[in-house]
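Taken in order, the sequence shown gives residues 550 to 1112; the numbers are from the numbering used here.
A short write-up of the structure that comes next.
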Amino acid sequence: MKLRNILVCMLLVTANSCTDLSEDMYDRVGSGNFVQKKDNLMQVIGSVYAKAHNTTLISWFFPQELTADQILTPTRGIHGYNAGEYLRLNQHNWSNLDRGATMAWTENYQLIGFANHVLAELPGTDYTKLGLTDADKKRHMAEIRTLRAYGYWHLLEIYGEVPIVTSVEEPVKAKNTDQEVFDFVVKELNETLPDLPLKSETAPPQGLYRVTKAFNRFLLMRLLFNSEAYIRKPMYDETRKLADEIVSGVYGQYALDNTWNGPFTHNNANSGELIFAFPIEKGQRDEKGWWFGGFHHYQSHLTFGSSYGGAGWNGWGLAPSITAKGEKLNYKLGMPFSRYHAKDLRKKPWNYLGNGNFEGMFLQGLQLAFNKKDTIRGVEEYKGRPLVLVDYVARTSEGDAASGSMLKGEENTGIRPVKVCPVFPDVESQFEAQADQPEMRLAEVYLTLAECELRLGNKERAADLINTLIKRNYAAADWGNAALALPVTAAGLDAGGYRMLEEWGKEFIMEGRRRTDLIRWNKYTTDLWFDHNEPSAAFRNRMPIPFFAMNANPLLIQTNGYN
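Next comes the structure, spelled out in structure tokens:
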């Protein structure tokens, strides 16, 4: 079991538990009163990892996905309007009071604060009394500094200019420039690299759940790849070199999985594609309420045959591809379900095959119970009638086929992805809440490398890299069928980046990166998608400094455009 490792156990506890475990240490930084045993030390370090996990959930998903073109939160009758917050996110009209624009500030500064506390404590801790070495101390310091850099990368991505705080003793500060934040993250990652281990130098599963050299270089790759958005300087050649090193195994041996769902299923800790994941464990930290509850219908637990963790709350789904009359929408972006080829194995309806195996990445169409016989019934607009999940937004239960507004959703609106932390049935409960949450996958390195090659004029290699990744999504006979034209070609990689964005979108749907990719291709504020029918101002590429932060720190100056 994952929990046999004491640190992994600490990673799995809830954020509240982490706070409780560490309260004494935080009240007496540097006093040595808390870290008296190795277990205490692991708890302290684990609390920082738990805070890092928090930064990847709602505070990241809202700005990264709900302001972009692939995931939609329609108003479903009396549900989901939430004082217009989802409409404002989709149409780029948010303010510094909207949680979708402000939660990332809170979560990432909590991570940074925890990291600063621990970094203040560790130098005065006598590792020899804990049965550890100075090399262990250096590694732990490097881990925490890298996680702190991870928080600053999040803040740079969402806000741009933010205060850099590295000590618990610092007073409130004005914002640093985006260049200063960028340089700080680069410096931290380069300085900590030598003290971090390779995956092979750690006992499983620590190589997946703890910061390694590969984690460090992966984060630097993300930073360099998006540097033009951050500091107005493209660094695709530097990114290509780093991505090539990761693929070549310089920072550890990793390999693409043979199947699309290998990196997501119950035993994904064994997937060679995962460079880093946040551990999930039933009864400890499983996040079912987040990944399951947010996407799935109130009755979908009956389809999955799962009673664990309750019912879905019918929030998000895929943005639509068609109208209620079956006409295809006309956008260059969005329409995610239509982007998957009919032969793509991911486009199959979700179906449980037994023994922890499933096929298909989407709940779609007529919903059946887990026994595949009984029909699932609706509970609101379609109460008592068969529940059919549709790829359009319209009040068809009222005879209204108008399909242009996210305010006209119903309980059945939207295809639902089954991917990150998938649900498993009660009859095989040993697989429930065992799938770890992927954060860094080798697939991202391949697409990053492909895009760098595309931008640097090497379209043939870009196509080859994309095909190396995506061929796993098709049966071998289909992939080799020239009439289907499934492989990406150099000629098909347009200069505007739409095909590249399509491949990013299909591979990483619901994984919290869509906004980043749209900004990198200058599409986020200039292009259109469902119910986002006008370009937005360029300042919307960054989120505003939250109202509460401005109130607490008089030295902060609001981001240009939000004044």
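For glycine and all other residues, C-beta sits at the position ideal for the given N, C-alpha and C.
Span separating the alpha-carbon of residue i from that of residue j
{"i": "residue 879", "j": "residue 732", "result": "41 Å"}
{"i": "residue 851", "j": "residue 792", "result": "43 Å"}
{"i": "residue 712", "j": "residue 635", "result": "28 Å"}
{"i": "residue 630", "j": "residue 637", "result": "10 Å"}
{"i": "residue 893", "j": "residue 996", "result": "18 Å"}
{"i": "residue 973", "j": "residue 845", "result": "14 Å"}
{"i": "residue 768", "j": "residue 999", "result": "17 Å"}
{"i": "residue 575", "j": "residue 965", "result": "Reliability of the predicted coordinates at residue 575 is poor, the pLDDT of 35 falling under 50, and no value is obtained from them."}
{"i": "residue 848", "j": "residue 924", "result": "11 Å"}
{"i": "residue 1089", "j": "residue 723", "result": "21 Å"}
{"i": "residue 841", "j": "residue 970", "result": "8 Å"}
{"i": "residue 759", "j": "residue 812", "result": "17 Å"}
{"i": "residue 787", "j": "residue 738", "result": "15 Å"}
{"i": "residue 599", "j": "residue 748", "result": "20 Å"}
{"i": "residue 947", "j": "residue 1061", "result": "34 Å"}
{"i": "residue 945", "j": "residue 872", "result": "11 Å"}
{"i": "residue 1097", "j": "residue 640", "result": "23 Å"}
{"i": "residue 698", "j": "residue 1066", "result": "21 Å"}
{"i": "residue 584", "j": "residue 902", "result": "48 Å"}
{"i": "residue 857", "j": "residue 837", "result": "9 Å"}
{"i": "residue 594", "j": "residue 607", "result": "23 Å"}
{"i": "residue 764", "j": "residue 825", "result": "7 Å"}
{"i": "residue 601", "j": "residue 988", "result": "11 Å"}
{"i": "residue 1026", "j": "residue 898", "result": "20 Å"}
{"i": "residue 954", "j": "residue 735", "result": "43 Å"}
{"i": "residue 721", "j": "residue 591", "result": "30 Å"}
{"i": "residue 918", "j": "residue 860", "result": "14 Å"}
{"i": "residue 799", "j": "residue 744", "result": "15 Å"}
{"i": "residue 783", "j": "residue 1070", "result": "12 Å"}
{"i": "residue 684", "j": "residue 761", "result": "14 Å"}
{"i": "residue 821", "j": "residue 588", "result": "30 Å"}
{"i": "residue 887", "j": "residue 896", "result": "9 Å"}
{"i": "residue 611", "j": "residue 906", "result": "30 Å"}
{"i": "residue 580", "j": "residue 586", "result": "Unreliable placement is indicated for residue 580, whose pLDDT of 45 sits below 50; the coordinate value is still reported in the next sentence. So the alpha carbons of these two residues sit roughly 14 Å apart."}
{"i": "residue 730", "j": "residue 746", "result": "26 Å"}
Identified DSSP bridge partners for residue i
{"i": "residue 986", "result": "827"}
{"i": "residue 834", "result": "830"}
{"i": "residue 621", "result": "866"}
{"i": "residue 871", "result": "877"}
{"i": "residue 962", "result": "939"}
{"i": "residue 666", "result": "None, per the DSSP bridge assignment."}
{"i": "residue 628", "result": "625"}
With 16 other Cβ atoms within 10 Å as the buried cut-off, status of residue i
{"i": "residue 1091", "result": "buried"}
{"i": "residue 644", "result": "exposed"}
{"i": "residue 934", "result": "exposed"}
{"i": "residue 823", "result": "buried"}
{"i": "residue 1106", "result": "exposed"}
{"i": "residue 693", "result": "buried"}
{"i": "residue 665", "result": "buried"}
{"i": "residue 1052", "result": "buried"}
{"i": "residue 795", "result": "buried"}
{"i": "residue 633", "result": "exposed"}
{"i": "residue 863", "result": "buried"}
{"i": "residue 613", "result": "buried"}
{"i": "residue 986", "result": "buried"}
{"i": "residue 573", "result": "Bear in mind that a pLDDT of 39 at residue 573, under 50, signals an unreliable position, so the model cannot answer this."}
{"i": "residue 672", "result": "exposed"}
{"i": "residue 695", "result": "buried"}
{"i": "residue 817", "result": "buried"}
{"i": "residue 603", "result": "buried"}
Run through the region 769–809 for me and flag every whole alpha helix (DSSP H) of 4 or more residues, listed as ranges in chain order. 776–780 and 785–796
My parser needs the beta strand (DSSP E) runs of 3 or more residues fully inside the region 885–936; what are they? 900–903 and 906–908
Taking contact to mean at least 3 C-beta pairs separated by less than 8 Å, is the region 828–838 in contact with the region 864–881? no
Given 8 Å as the limit, is there contact between the region 716–733 and the region 673–685, that is, 3 or more CB pairs closer than that? Too few Cβ pairs lie closer than 8 Å, so no.
Is the region 797–813 touching the region 975–983 in the sense that three or more CB pairs, one from each, lie closer than 8 Å? no
Does the region 747–754 come close enough to the region 765–781 to have 3 or more Cβ pairs within less than 8 Å? no
Sufficient close CB pairs (3 or more, under 8 Å) joining the region 858–876 to the region 617–626: Result yes; three or more Cβ-Cβ pairs closer than 8 Å.
Check whether the region 1082–1096 and the region 914–930 touch, using three or more Cβ-Cβ pairs below 8 Å as the test. no
Those runs of the alpha helix (DSSP H) which lie wholly inside the region 994–1036 and span at least 4 residues: The region 994–1036 contains these whole alpha helix (DSSP H) runs: 1008–1019 and 1025–1028.
Please give me, in chain order, every unbroken run of the alpha helix (DSSP H) with length at least 4 that falls completely inside the region 1027–1101. Counting only runs of 4 or more, we get 1047–1057, 1063–1069 and 1096–1101.
Mind the definition here: the region 1031–1050 touches the region 1003–1023 only if three or more C-beta pairs lie below 8 Å; say whether that holds. yes
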